[in-house]
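Asker: What follows is a single structure, and I will ask about it in a moment.
Chains as they are written, first to last, in my numbering: chain A, 1 to 401; chain B, 1001 to 1401.
Have a look at this one:
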């Protein structure tokens, strides 16, 4: 039997009852003969409560001290989970991020794992201990505690699975797997047994919110077999891996993202260097641009449109207003009532009919397409936000129902 | 200017307002040109809350995991206090116990400090940082987090002051110093400017509860000048040191301890080895015995009386009941409605009249003395608990008013 890494999020350990429930999942795995390493997040609202406490004292607290504060949340949940396992009569030890050997860079609040010194964890496994590791944290070269940022515990788990050469990395959440679409929005959504890393990455970045991108990227890089499954119900989840069984399914899922604003720079001179000017300007302010479309030049001018998250729309508009003189555009337009609808699937590369089938489904539902963007395994369209749930269902059912 | 170590207890940092207030005390000291190292306890009820959480999950949790859990409390308060100091515009860094170099033995829940590797703290001071250290915790040789037990943060502070050769170790509490008696009980109690380590030790063990004994013992051993002062009011406190100014005061303070039960083993054979049998029995069960009195033998028997804390009285009685046959005593009596009243002062060694003055004061107040015990700097009497507040005032005023 090999090593299994299990990760439990904050809601899975929110109170004593859930901690005991999670302890049973862990000891059941241990009883099957596996070595078990568990990564755990802070309980329920602990992190938010700590952020609020810090905000009362100093809203501009340094990131170093925020990390020192927030990392305590996972220490507490790891110790409590270990106590629950002790109560069930199994050998267990809780470890902080640094005790488990997580060495990170010094980017407080969003640190990257540099390496894991796995000696302590391996020693504990050799003593047949279940090992509970505080997720989301590590130590930099100056012996200061760092946190890994959003989705950090998933990343901790995948990184541990990689260095320990674990058989699999199980991510327990409050959903029971990855669905063809958000089941809260799409009646006919169904659970996938398998999905590739690339498909999962596209779905995660498209707002499926099951796994954090960094963890999936790392799993792909080190070929860690991930599994998304429910901490509430005992049933199989979704495996995330390099190659999945060939099925008739052309696409793996449909996702909607409402956090989209479209900015159009209308009537810029059709000369070289314009796109560079616009996007280097945005990059310098760390504004992430998603879809970019440039119209074909006509009458010596062209239009450049792109999407940003709604949070950044105002800042992007202000930046472009400032350079109106040098860019010599005619007009600047922002629309933040749009939605991005995307279909994802490795199968679509070999199937030219996928795009037209998507457009047909939208057309039949009388939904207007504002922009189209395609990649090898994804097709995204921008539509009116008001149409987005209807569009999600129409496209989903055309491919997946 | 030298190094000053300041320690703040849990109530001093219980909420954002108090954290900000404490931060001002610290930065005021820093502005005077001192190097400042601060030891802080967990906020308010944090430790009790964590103990309760653990109790819900596993009332018999291992001490190792309890330490892993409880130590998080001081990490959080240290980070929050650092944030408050950042807000006031001063350079600061918070350190966990292990970051500050606290190396302890492996006695989880009541660990002893073995040494402090002071390199990190000294480096931070060299960078002119205010250093906030999480009290009450350290790391054992297996890289596991330990806690120091009750009064642990005081001990952390004194130990740091000792290795850093600090000018003084200031213990901030919610009282403004050491009093001649508990001001809540004795109207005429007054604050002492100075007290010796030995006097403080006797007063602490007599229930004055200002400083924990371990910290005073350590201060005496390493000749650390301690100062007890208020975190609420800005005024001078009480200095604890080796030698104090000679005053006319014969005694330094009067203390009462109600957590006392007296057990009398009546009519044991007046032969060698009886006392050894009784007290080795109690020691084996880790029952601490305070005052011991043995009557003069008469008619071939004698009486042995001793006091224990009320918590241990039942257990001690049960143990002695078990050995009734072998001890061949006539009777076993327990009284847990008594109180211990003590006067403490280095001056009494050279003044034989002190004891009689104490007994006179009690006699005038018509208070019966049940037992008497004396040491070089202390006289304790056992009296009826119902008389204890009256006795405290009578004795206090005879010497100190």
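We put the beta carbon where it would ideally sit given N, CA and C, even for glycine.
#1: Could you check the C-alpha separation between residue 1349 of chain B and residue 1376 of chain B for me, to the nearest Å?
#2: Name the DSSP bridge partner or partners of residue 341 of chain A?
#3: Do you know offhand how far residue 45 of chain A's Cα is from residue 10 of chain A's?
#4: May I ask which residues mark the beginning and end of the beta strand (DSSP E) holding residue 1226 of chain B?
#5: Going by alpha carbons, who is nearest to residue 343 of chain A out of A:74, A:357, A:314, A:333?
#6: Kindly say whether residue 49 of chain A, judged by its beta-carbon, lies nearer than 8 Å to any beta-carbon of chain B.
#7: Thinking C-alpha only, which one of A:309, A:311, A:293 is nearest residue 303 of chain A?
#8: How about the segment 1240-1260 of chain B and the segment 1315-1332 of chain B: do they share at least three Cβ pairs that are nearer than 8 Å?
#9: Taking a Cβ distance cut-off of 8 Å, strictly less, list which residues of the segment 13-45 of chain A are near chain B, in chain order.
#10: Relative to the C-alpha of residue 1143 of chain B, which residue among B:1064, B:1032, B:1023, B:1289 is closest?
#11: What residue does the alpha helix (DSSP H) around residue 1357 of chain B start on, and which one ends it?
#12: On the DSSP letters alone, give me the boundaries of the beta strand (DSSP E) that residue 102 of chain A sits inside.
#13: Using only the alpha-carbon positions, how far apart do residue 1334 of chain B and residue 1281 of chain B sit?
#14: Would you identify the three-state DSSP class for residue 403 of chain A, choosing helix, strand or coil?
#15: In whole angstroms, what is the alpha-carbon distance linking residue 185 of chain A and residue 362 of chain A?
#16: Would residue 1092 of chain B pass as a contact of residue 1130 of chain B if the rule is Cβ separation under 8 Å?
#17: In terms of residues, what are the limits of the beta strand (DSSP E) holding residue 184 of chain A?
#18: Quick one: which chain A residues come within Cβ less than 8 Å of residue 1057 of chain B?
#19: For residue 141 of chain A, which option in A:124, A:103, A:148, A:347 has the closest C-alpha, if you only look at C-alpha atoms?
#20: Output yes if chain D places a C-beta closer than 8 Å to the C-beta of residue 242 of chain A; else output no.
#21: Based on Cα-Cα distance, which residue from A:398, A:61, A:96, A:128 lies nearest to residue 116 of chain A?
#22: Would you kindly check if the distance between the Cβ of residue 133 of chain A and the Cβ of residue 178 of chain A is under 8 Å?
#23: When DSSP labels each residue in this structure, what does residue 194 of chain A get in the three-state scheme?
#24: What residue range does the alpha helix (DSSP H) around residue 166 of chain A cover?
#25: Using 8 Å as the threshold, is the C-beta distance between residue 391 of chain A and residue 383 of chain A below it?
#26: Between the Cα of residue 401 of chain A and the Cα atoms of A:263, A:252, A:265, which residue gives the shortest distance?
#27: Looking at the unbroken alpha helix (DSSP H) that takes in residue 29 of chain A, where does it start and where does it end?
#28: What residues of chain B sit near residue 137 of chain A, judged by a beta carbon separation below 9 Å?
#29: Examine chain A for any beta-carbon lying closer than 8 Å to the beta-carbon of residue 1126 of chain B, and answer yes or no.
#30: Starting from residue 1001 of chain B, trace the beta strand (DSSP E) both ways and give me its first and last residue.
#31: Based on DSSP bridge pairs, tell me the residues matched to residue 7 of chain A.
#32: Check residue 1221 of chain B in the structure and name its three-state DSSP category.
#33: Between which two residues does the alpha helix (DSSP H) carrying residue 180 of chain A extend?
#34: So with CB distances below 7 Å, who are the chain B contacts of residue 294 of chain A?
#35: Does the segment 31-47 of chain A come into contact with the segment 6-20 of chain A, if we say contact requires no fewer than three beta-carbon pairs (one atom in each stretch) closer than 8 Å?
#36: Give me whichever residues DSSP pairs with residue 298 of chain A in a beta bridge.
Answerer: From the atom records:
#1: Mapped onto the second chain, residue 1349 of chain B falls at position 349. Mapped onto the second chain, residue 1376 of chain B falls at position 376. Distance between the alpha carbons of residue 1349 of chain B and residue 1376 of chain B: 6 Å.
#2: For the purposes of this step, residue 341 of chain A is taken as the residue at position 341 of the first chain. Residue 341 of chain A is bridged to A:256, A:381.
#3: Stepping through the first chain from its first residue, residue 45 of chain A is reached at position 45. Stepping through the first chain from its first residue, residue 10 of chain A is reached at position 10. Going by the C-alpha atoms only, they are around 8 Å apart.
#4: Working through the second chain from its first residue, we reach residue 1226 of chain B at position 226. Unbroken beta strand (DSSP E) run through residue 1226 of chain B: 1226-1230.
#5: The residue given as residue 343 of chain A occupies position 343 in the first chain. The shortest Cα separation from residue 343 of chain A among A:74, A:357, A:314, A:333 belongs to A:357.
#6: Sequence index remark: in the first chain, residue 49 of chain A carries index 49 (1-based). So, not an interface residue.
#7: Translated into the one-based positions of the first chain, residue 303 of chain A becomes position 303. For residue 303 of chain A, the nearest C-alpha among the options comes from A:293.
#8: no
#9: 16, 19, 20
#10: As a first step, residue 1143 of chain B must be located in the second chain, where it is residue number 143. Ranking B:1064, B:1032, B:1023, B:1289 by Cα distance to residue 1143 of chain B puts B:1064 first.
#11: As a position in the second chain, residue 1357 of chain B is number 357, starting the count at 1. Note, residue 1357 of chain B: alpha helix (DSSP H), 1353-1364.
#12: In the first chain, residue 102 of chain A corresponds to position 102, counting from 1. Its beta strand (DSSP E) spans residues 102-104.
#13: As a working mapping, residue 1334 of chain B is identified with position 334 in the second chain. As a working mapping, residue 1281 of chain B is identified with position 281 in the second chain. Rounded to the nearest angstrom, the two C-alpha atoms are 17 Å apart.
#14: Because residue 403 of chain A is not part of the residues shown, which for chain A are 1 to 401, the question remains open.
#15: Residue 185 of chain A sits at position 185 when you count from the first residue of the first chain. Residue 362 of chain A sits at position 362 when you count from the first residue of the first chain. Answer to the nearest angstrom: the Cα atoms are 17 Å apart.
#16: Taking the first residue of the second chain as position 1, residue 1092 of chain B is located at position 92. Taking the first residue of the second chain as position 1, residue 1130 of chain B is located at position 130. For residue 1092 of chain B and residue 1130 of chain B, yes; Cβs fall inside 8 Å.
#17: Numbered from its first residue, the first chain carries residue 184 of chain A at position 184. Looking at the DSSP string, residue 184 of chain A is not in any beta strand (DSSP E), and its letter there is neither H nor E.
#18: The residue labelled residue 1057 of chain B in the question sits at position 57 within the second chain. By Cβ distance, chain A contributes 16, 19, 20, 80, 83, 84, 87.
#19: Along the first chain, read from residue 1 onward, the residue named residue 141 of chain A stands at position 141. Comparing Cα-Cα distances from residue 141 of chain A to each of A:124, A:103, A:148, A:347, the minimum goes to A:103.
#20: Absent from the structure: chain D. Protein chains present are A and B.
#21: Numbered from its first residue, the first chain carries residue 116 of chain A at position 116. Checked all of A:398, A:61, A:96, A:128; the closest Cα to residue 116 of chain A is A:96.
#22: As a first step, residue 178 of chain A is located in the first chain; it is residue number 178 there, counting from the start. As a first step, residue 133 of chain A is located in the first chain; it is residue number 133 there, counting from the start. Cβ distance not < 8 Å, so residue 178 of chain A and residue 133 of chain A don't count as in contact.
#23: Here residue 194 of chain A corresponds to residue number 194 of the first chain, with the count starting at 1. DSSP places residue 194 of chain A in strand when its eight states are reduced to three.
#24: Against the first chain, residue 166 of chain A aligns to sequence position 166. Element bounds for residue 166 of chain A: n/a, residue is neither H nor E.
#25: In the first chain, the residue the question calls residue 391 of chain A occupies position 391. In the first chain, the residue the question calls residue 383 of chain A occupies position 383. Contact: yes.
#26: The count along the first chain starts at 1 and reaches residue 401 of chain A at position 401. Nearest C-alpha to residue 401 of chain A: A:252.
#27: Position 29 of the first chain holds residue 29 of chain A. Residues 16-31.
#28: The residue given as residue 137 of chain A occupies position 137 in the first chain. Those within 9 Å of residue 137 of chain A in chain B number zero; the least Cβ separation is about 11 Å.
#29: For the purposes of this step, residue 1126 of chain B is taken as residue 126 along the second chain, with counting starting at 1. Not an interface residue.
#30: To locate residue 1001 of chain B, count along the second chain from 1; it is residue 1. First-last for residue 1001 of chain B: undefined, no H or E at that position.
#31: In the first chain, counting from the first residue as 1, residue 7 of chain A sits at position 7. Residue 7 of chain A pairs with A:39, A:171.
#32: One-based indexing of the second chain puts residue 1221 of chain B at position 221. Residue 1221 of chain B falls in the helix class under three-state DSSP.
#33: The count along the first chain starts at 1 and reaches residue 180 of chain A at position 180. Run containing residue 180 of chain A: none; DSSP gives neither H nor E here.
#34: Within the first chain, numbered from 1, the residue matching residue 294 of chain A stands at position 294. Those within 7 Å of residue 294 of chain A in chain B number zero; the least Cβ separation is about 46 Å.
#35: yes
#36: Indexing the first chain from 1 puts residue 298 of chain A at position 298. Note: residue 298 of chain A sits in a beta bridge opposite A:301.
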